[in-house]
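Numbering (our numbering), first residue to last: 73 to 351. All residues carry an ideal CB built from backbone N, CA and C; glycine is no exception. On a predicted model such as this, the values are computed, not experimentally measured, just so you know. What follows is a short report on a single structure.
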């Protein structure tokens, strides 16, 4: 069987692959499709929190990202923590009295969430007016539409750094929606006393994890992209929370294996050279 070898050179980058005629398409592995570290937001001064700072937090999500709070969620709690917000991690930990938050935000402790992080903190939100006596905290942070055209089916992966501390009824999930369709769960944190049951619906697995083992971790989730999908939107939802603990995330990255080559039934190469690119 003949092996066909190609090299595509653009600028300083070179992309090469080989293909056996009559076999599967050529694949470029783990191409970065999207990344977000929240460092591009513009920070402002504290409002209700007692730790003063001129540039310490914002409610405004990065470009393309959005926050949606459930309509029944009370709005009279601490302003800085009304739904998902974006503070300096060190300021968040100081304002909240730490309680293990610095495990995520302190580089000296090996924390992964350095600089600005995304935070859903019902514990701090409830500190004004006992706001969550009026209903649960329920907020979703959504990504922009991320281009996944040309990816190999079931190859798209999400990785992110996470600080999760559970209590009582507090729960969370990660969802993905393809091409404007319905969102499906790919990860869920279910309450289990002081523990968390980590559910991965696509893999069909469940794992019970004791608090505070999840306050500083890197999470990888398969997103189950179907053949031919063009775009996806990821949602991070914290819900059913009262005066509980928190969820913070940082360094979100979406990758996928790219396929730009096809072979017809006779083993002839059918690549559209204009579409072959390195992202």
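When the distance is taken between beta carbons, is residue 192 closer than 7 Å to residue 211? The sequence position of residue 211 within the chain shown is 139, counting from 1. The sequence position of residue 192 within the chain shown is 120, counting from 1. In contact: residue 211 and residue 192 (Cβ atoms closer than 7 Å).
Within the region 127-195, note down every full alpha helix (DSSP H) run reaching 4 residues or more, in order along the chain. Fully enclosed alpha helix (DSSP H) runs of no fewer than 4 residues occupy 161-167, 174-177 of the region 127-195, in order along the chain.
Would you grab the beta carbon distance between residue 63 and residue 188 for me? Rounded to a whole angstrom, and I think it's under 8 Å. Summary: the structure shown does not reach residue 63, with the chain confined to residues 73 through 351, and so no result is reported for it.
Please tell me whether residue 241 and residue 322 are closer than 7 Å, where the distance is taken between their beta carbons. Locating residue 241 in the chain shown gives position 169, counting from the first residue. Locating residue 322 in the chain shown gives position 250, counting from the first residue. Against a cut-off of 7 Å, the Cβ pair of residue 322 and residue 241 comes out as no contact.
Might you give, ordered along the chain, the residues of its own chain that have their beta carbon closer than 6 Å to the beta carbon of residue 112, omitting 5 neighbours on each side? Counting from one through the chain shown, the residue named residue 112 turns up at place 40. Hits under 6 Å: 134.
Which residues mark the beginning and the end of the beta strand (DSSP E) in which residue 323 is found? Here residue 323 is taken as the residue at index 251 of the chain shown, counted from 1. Residue 323 -> beta strand (DSSP E) spans 318-330.
Count the CB pairs spanning the region 289-307 and the region 247-260 that are closer than 8 Å, and state whether there are at least three. With the rule of 3 Cβ pairs closer than 8 Å, the region 289-307 counts as touching the region 247-260.
Taking the beta carbon of residue 207 as the centre, do at least 16 other beta carbons fall within 10 Å, making it buried, or is it exposed? Your numbering for residue 207 matches position 135 in the chain shown. Residue 207 sits exposed, since fewer than 16 C-beta atoms from the chains shown fall within 10 Å of its C-beta.
When we look at the beta-carbon of residue 265 and count the other beta-carbons within 10 Å, is it buried (16 or more) or exposed? Counting from one through the chain shown, the residue named residue 265 turns up at place 193. Burial call: exposed.
Residues in its own chain within less than 7 Å of residue 119 by CB, not counting five upstream and five downstream? Residue 119 sits at position 47 when you count from the first residue of the chain shown. In the same chain as residue 119, and ignoring 5 residues on each side of it, the C-beta atoms closer than 7 Å to its own belong to 151, 152, in chain order.
Whether or not the region 226-235 and the region 285-295 are in contact is what I'm after, with contact meaning three or more pairs of Cβ atoms, one per stretch, closer than 8 Å; do they touch? Look at the beta carbons and you see the region 285-295 touching the region 226-235: at least three pairs across the two are nearer than 8 Å.
When the Cα of residue 99 is compared with those of 160, 144, 227, 176, which residue comes out closest? Counting from one through the chain shown, the residue named residue 99 turns up at place 27. Put simply, of 160, 144, 227, 176 the residue whose alpha carbon is nearest the alpha carbon of residue 99 is 227.
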